[in-house]
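For reference, the structure is listed below as structure tokens.
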Amino acid sequence: MTVLALRNVSKSFGPIQVLHNVDLALEPGEVHALIGENGAGKSTIMKILSGFLDPTEGELLFSGQPVRFGSGPEAEAQGIVVIHQEFNLAADLTVAANVFLGRELGGFRLDHSAMRAATAKLLDRLHSPIDPGTLIRDLSVPDRQMVEIAKALSRNPRVLIMDEPSAVLTHREVGSLYEQIDRLRGEGVAILYCSHRLDEVAHLADRITVLRDGRVVRQALRGELTEDGMAAAMVGRELQDFYPPKGNPSDEPALQITDLTVPGKVHGVSLTLRKGEVLGIAGLVGSGRTELAEGIVGLRAATGEIRVGGRPTPITSLRDAFAAGLAYLTEDRKEAGLLLDKGLRENLTLATLERFGAWRLDVAAEDAALDKATQEFDIRAPRRDMVAGKLSGGNQQKLLLAKTMLPDPRIIIIDEPTRGIDVGTKAQIYAFIRDLAAEGRSLIVISSEMTEVIGISDRVLVMREGRLAGAVEGNAMTEDNIVRLAMGVTGEAA
Amino acid sequence: MKLDLHTLGPLVALVALIILGALLNPAFLAPANITNVLARSAFIGMIAVGMTFVITAGGLDLSVGSMAAFLAGIAIIAMNFALPSVGENWGTILLGMIVCILGGIAAGYLNGALITKARIEPFIVTLGTMGIFRSLITWMADGGTLSLDYGLRTLARPVYYGGIGWITWPIIAFALTAIAGEWIMRHSRFGRHVEAIGSNDRVARYSAIDVNRVKLMTYVLLGLLVGLATVLYVPRLGSASGSTGTLWELEAIAAVIIGGTALKGGTGRVWGTVVGVLILSLIDNILNLADLVSPYLNGAIQGVIIVLAVVLQREKRTADER
Chain Y
1 MTVLALRNVS
11 KSFGPIQVLH
21 NVDLALEPGE
31 VHALIGENGA
41 GKSTIMKILS
51 GFLDPTEGEL
61 LFSGQPVRFG
71 SGPEAEAQGI
81 VVIHQEFNLA
91 ADLTVAANVF
101 LGRELGGFRL
111 DHSAMRAATA
121 KLLDRLHSPI
131 DPGTLIRDLS
141 VPDRQMVEIA
151 KALSRNPRVL
161 IMDEPSAVLT
171 HREVGSLYEQ
181 IDRLRGEGVA
191 ILYCSHRLDE
201 VAHLADRITV
211 LRDGRVVRQA
221 LRGELTEDGM
231 AAAMVGRELQ
241 DFYPPKGNPS
251 DEPALQITDL
261 TVPGKVHGVS
271 LTLRKGEVLG
281 IAGLVGSGRT
291 ELAEGIVGLR
301 AATGEIRVGG
311 RPTPITSLRD
321 AFAAGLAYLT
331 EDRKEAGLLL
341 DKGLRENLTL
351 ATLERFGAWR
361 LDVAAEDAAL
371 DKATQEFDIR
381 APRRDMVAGK
391 LSGGNQQKLL
401 LAKTMLPDPR
411 IIIIDEPTRG
421 IDVGTKAQIY
431 AFIRDLAAEG
441 RSLIVISSEM
451 TEVIGISDRV
461 LVMREGRLAG
471 AVEGNAMTED
481 NIVRLAMGVT
491 GEAA
Chain A
1001 MKLDLHTLGP
1011 LVALVALIIL
1021 GALLNPAFLA
1031 PANITNVLAR
1041 SAFIGMIAVG
1051 MTFVITAGGL
1061 DLSVGSMAAF
1071 LAGIAIIAMN
1081 FALPSVGENW
1091 GTILLGMIVC
1101 ILGGIAAGYL
1111 NGALITKARI
1121 EPFIVTLGTM
1131 GIFRSLITWM
1141 ADGGTLSLDY
1151 GLRTLARPVY
1161 YGGIGWITWP
1171 IIAFALTAIA
1181 GEWIMRHSRF
1191 GRHVEAIGSN
1201 DRVARYSAID
1211 VNRVKLMTYV
1221 LLGLLVGLAT
1231 VLYVPRLGSA
1241 SGSTGTLWEL
1251 EAIAAVIIGG
1261 TALKGGTGRV
1271 WGTVVGVLIL
1281 SLIDNILNLA
1291 DLVSPYLNGA
1301 IQGVIIVLAV
1311 VLQREKRTAD
1321 ER
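So the protein sequences, as listed, match chains Y and A. Reminder that position 276 of the first sequence reads as 276 in the numbering used here, one-by-one numbering, no gaps. To get the numbering used here, take the position in the second sequence, counting from 1, and add 1000.
Printed below as a string of structure tokens:
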């Protein structure tokens, strides 16, 4: 018997219709994956299911009866719990206080020990070593996600809606997450799972709904759709050449790093990047990949020798890196990459303003640069004067790429090139990366997505606990080999 | 100047106040009164223009009122000290002006360095220096008043009272500061960097902007403008005491906020600040000219205006997002 369902639901915001006659049914004891490109309408569906939005037409059925939840909390009282993609945690409160936020145990005086004990039990089920007394601000991003999951579990959900819960988790934590999903499924909870990771969808989902442009274009049961089939349904065309063909790097070294150390994070890493090469760096979250990149470009204090084009080049600031022809595209698009409340033009030129006038900024030249960038990187902005935060994730990433390329760097380090963006844009970004390498530029691509790092790179270095654990190349570039190196598993390897 | 709702709101309020003033008392529009209002706005106005940069970059400076009093004090002491050797002439007055301006730059640098190099919250640093400057001027004046030599005072009077026709020097200085401030905020790299830092300083750092240097420069700029304002202020009364410049910091911050600059930084509106300063001083002036409401209620009305301005701007902001 269906717990929660949409029947013929349409939704419009003003003149724009974002959902067209959507039918969707969540069954108890079933994991239902909802996939689609950014802007396909996934978040609108989640918001309607969880009571944050009302449908314009059609009905929301709860246990077969039409309902209208006035608000999110009202839906939650009925056992419909959401794990949002953005964290909803109070940074200055403890883990236990967050898990019980709004439903604290105890009377006038809070029962701290009971809340701590209950939280410890929840975290234990998730195999998470987090202490319930820790402040959220002292936790890493994956740990915060585990707290979000614990918080959702503590609500005893009948329906659990998860929006990209694994995006920021490390390998081991993803395992615990899957374990909990299996347990909840066994207990008869209905689960809606949104994800961009198609391998994970294939692994978890009993039923898959594919959305495109606000319409359900495909519904399938477990095993009926391959990953390629899902991608094709989402994009509406066959994704031939999802990863562009590999390049032909020269033997000439573009960047040589010797014994780079970032205190406490990276220990004596040496590597050589060849001209025209795409060098992948894999490793678990927290293995020091980002810190290595930030150490190279002068964003973090680091020791070691850096040679650019064979010449020793000391780099102590991002300015130095720019001058040496290096650029870095951050993994944290929203907090370190773009000014979300500023326009596209301001964002594009922010790192290279000195090129746009010595005294008076030449807005016309900036606009021309924006025109060129939107064309070159296919940035699709409904309005030229909109703020960057209103762009879709994929277009934000393309804008950030354009911003990174504006100083015309010869060596580009890209940290998580496609985090949180849709399949179509991913393919575009891979093509851009290849094109840049074919122009004779050299790239380092850091990625947590195995298929991506294998698909895009000529060679992959694997990091573990701040050190280089090994390198794989050619036919040895397999998921298995990389995971072994990343996890430090000994035995038969490449 | 872009005429969107945020800039338009305060402007409408200003026009409404001018019409109200003219209706209540015909003397309101007399050149003498206008000159008076504008000249008195000039001190707070120049400081508020500097404050716009500090706030836009995500900072705050509570010390400017005390700083002005302190600068007035050291300038008067310097001029009185130099009088016997240099004589009763413009050389001595010029020396006082230089002391004011260099002192302002140094004081701004002190605030900025404590904030960017020692990494202390702007609120705490400037709360501290506010107390320090205030205490120093009270001590220098020995609890009373520091007075400029009578002859020098007479000589320097035109700096405040003189000018081109009815447009006195303070008005000219205020206007030039406002124009320069608007230009820098709108058209220079420094202005763009200031807005970027206030919007998200991590993004600014990852865009190869020297965040600390730019932040420091906003405090130095503010210090310089406090120094300039003091140069014009000293000739007005020719004295300084422990109560000189009290609450200027709050008036300056209020003017910035009324003008539409967000207290959390990121968007600077220098024209808005100018309008904010004029609104505050017009309320004062109208209450003094009209018998409708006691001038003692001036502070209350200004308070209402400040809160109202923020509420109106916030509603517009949410309306924009739809």
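The beta carbon of each residue, even a glycine, is placed where N, CA and C say it ideally should be.
Is residue i close to chain A? Criterion is C-beta to C-beta, closer than 7 Å.
{"i": "lysine 390 of chain Y", "result": "no"}
{"i": "glutamate 366 of chain Y", "result": "no"}
{"i": "alanine 351 of chain Y", "result": "yes"}
{"i": "arginine 125 of chain Y", "result": "no"}
{"i": "leucine 406 of chain Y", "result": "no"}
{"i": "leucine 318 of chain Y", "result": "yes"}
{"i": "leucine 361 of chain Y", "result": "yes"}
What are the boundary residues of the beta strand (DSSP E) that includes residue i?
{"i": "tyrosine 328 of chain Y", "result": "326-329"}
{"i": "threonine 226 of chain Y", "result": "Taken as a continuous stretch (DSSP letters only), threonine 226 of chain Y belongs to no beta strand (DSSP E), as it is neither H nor E."}
{"i": "asparagine 1089 of chain A", "result": "Asparagine 1089 of chain A -> no beta strand (DSSP E), and no H or E assigned at all."}
{"i": "glutamate 59 of chain Y", "result": "57-62"}
{"i": "methionine 463 of chain Y", "result": "459-464"}
{"i": "methionine 162 of chain Y", "result": "159-163"}
{"i": "aspartate 415 of chain Y", "result": "411-415"}
{"i": "proline 66 of chain Y", "result": "65-67"}
Do you know offhand how far residue i's Cα is from residue j's?
{"i": "alanine 493 of chain Y", "j": "valine 285 of chain Y", "result": "Note that alanine 493 of chain Y scores a pLDDT of 40, beneath 50, so its modelled location is shaky and nothing firm can be said."}
{"i": "serine 1241 of chain A", "j": "alanine 1013 of chain A", "result": "35 Å"}
{"i": "threonine 316 of chain Y", "j": "glycine 1144 of chain A", "result": "53 Å"}
{"i": "leucine 139 of chain Y", "j": "leucine 169 of chain Y", "result": "13 Å"}
{"i": "leucine 1297 of chain A", "j": "lysine 403 of chain Y", "result": "53 Å"}
{"i": "leucine 572 of chain Y", "j": "glycine 474 of chain Y", "result": "Residue 572 of chain Y lies beyond the range of chain Y shown here (1 to 494); nothing can be said about it."}
{"i": "alanine 437 of chain Y", "j": "serine 250 of chain Y", "result": "11 Å"}
{"i": "methionine 1130 of chain A", "j": "alanine 77 of chain Y", "result": "52 Å"}
{"i": "leucine 1304 of chain A", "j": "isoleucine 1286 of chain A", "result": "Per the sequence presented here, residue 1304 of chain A reads as valine, with leucine not at that position. Their Cα atoms are separated by approximately 16 Å."}
{"i": "aspartate 341 of chain Y", "j": "aspartate 1201 of chain A", "result": "13 Å"}
{"i": "methionine 1 of chain Y", "j": "threonine 56 of chain Y", "result": "25 Å"}
{"i": "tyrosine 1219 of chain A", "j": "arginine 1269 of chain A", "result": "17 Å"}
{"i": "valine 1046 of chain A", "j": "isoleucine 1101 of chain A", "result": "Sequence inspection shows methionine at residue 1046 of chain A; the valine mentioned does not correspond to that position. Going from the Cα of methionine 1046 of chain A to the Cα of isoleucine 1101 of chain A covers about 13 Å."}
{"i": "leucine 271 of chain Y", "j": "leucine 1060 of chain A", "result": "45 Å"}
Beta carbon of residue i, beta carbon of residue j: below 7 Å?
{"i": "arginine 467 of chain Y", "j": "histidine 267 of chain Y", "result": "yes"}
{"i": "valine 1064 of chain A", "j": "valine 1226 of chain A", "result": "yes"}
{"i": "alanine 231 of chain Y", "j": "valine 472 of chain Y", "result": "no"}
{"i": "glycine 236 of chain Y", "j": "glycine 41 of chain Y", "result": "no"}
{"i": "valine 82 of chain Y", "j": "arginine 155 of chain Y", "result": "no"}
{"i": "alanine 1156 of chain A", "j": "proline 1084 of chain A", "result": "no"}
{"i": "proline 994 of chain A", "j": "leucine 1232 of chain A", "result": "Given a span of 1001 to 1322 for chain A in the structure shown, any question on residue 994 of chain A remains unanswerable."}
{"i": "glycine 1276 of chain A", "j": "threonine 1056 of chain A", "result": "no"}
{"i": "glycine 295 of chain Y", "j": "leucine 260 of chain Y", "result": "yes"}
{"i": "serine 1243 of chain A", "j": "valine 1037 of chain A", "result": "no"}
{"i": "valine 1086 of chain A", "j": "alanine 1178 of chain A", "result": "no"}
{"i": "aspartate 143 of chain Y", "j": "valine 31 of chain Y", "result": "no"}
Check the Cβ-Cβ distances between residue i and every residue of chain Y, and say whether any is below 7 Å.
{"i": "tyrosine 1206 of chain A", "result": "yes"}
{"i": "valine 1330 of chain A", "result": "Any question about residue 1330 of chain A goes unanswered here, given that chain A covers just 1001 to 1322."}
{"i": "valine 1214 of chain A", "result": "no"}
{"i": "valine 1203 of chain A", "result": "yes"}
{"i": "methionine 1001 of chain A", "result": "Its pLDDT being 41, under 50, methionine 1001 of chain A is placed unreliably by the model, and nothing is read from it."}
{"i": "alanine 1013 of chain A", "result": "no"}
What are the boundary residues of the alpha helix (DSSP H) that residue i is part of?
{"i": "serine 169 of chain Y", "result": "Note that residue 169 of chain Y is leucine in the sequence shown here, rather than serine. Leucine 169 of chain Y -> no alpha helix (DSSP H), and no H or E assigned at all."}
{"i": "phenylalanine 510 of chain Y", "result": "Outside the shown range of chain Y, which is 1 to 494, sits residue 510 of chain Y, and nothing can be said about it."}
{"i": "glycine 72 of chain Y", "result": "72-77"}
{"i": "methionine 487 of chain Y", "result": "479-487"}
{"i": "proline 244 of chain Y", "result": "Proline 244 of chain Y -> no alpha helix (DSSP H), and no H or E assigned at all."}
{"i": "serine 1239 of chain A", "result": "No alpha helix (DSSP H) contains serine 1239 of chain A, which is instead part of the beta strand (DSSP E) from 1239-1241."}
{"i": "tyrosine 1161 of chain A", "result": "1150-1161"}
**OP:** Output, in sequence order along the chain, the residues in the stretch 1176-1201 of chain A whose CB is closer than 7 Å to any CB in chain Y.
**Re:** His1187, Ser1188, Arg1189, Arg1192, Ala1196, Ser1199 and Asn1200
Subject >> Near-chain A residues of the stretch 323-345 of chain Y (beta-carbon distance less than 7 Å), N- to C-terminal order >> reply: Thr330, Glu335, Ala336, Gly337, Leu338, Leu339, Asp341 and Lys342
Original post:
If contact means a Cβ-Cβ distance below 7 Å, which residues of the stretch 1261-1272 of chain A contact chain Y?
Top reply: Gly1266
**OP:** Scan the stretch 294-314 of chain Y for residues whose Cβ lies nearer than 8 Å to a Cβ of chain A and list them as they occur along the chain.
**Re:** Taking 8 Å as the Cβ-Cβ cut-off, the stretch 294-314 of chain Y approaches chain A at Leu299, given in chain order.
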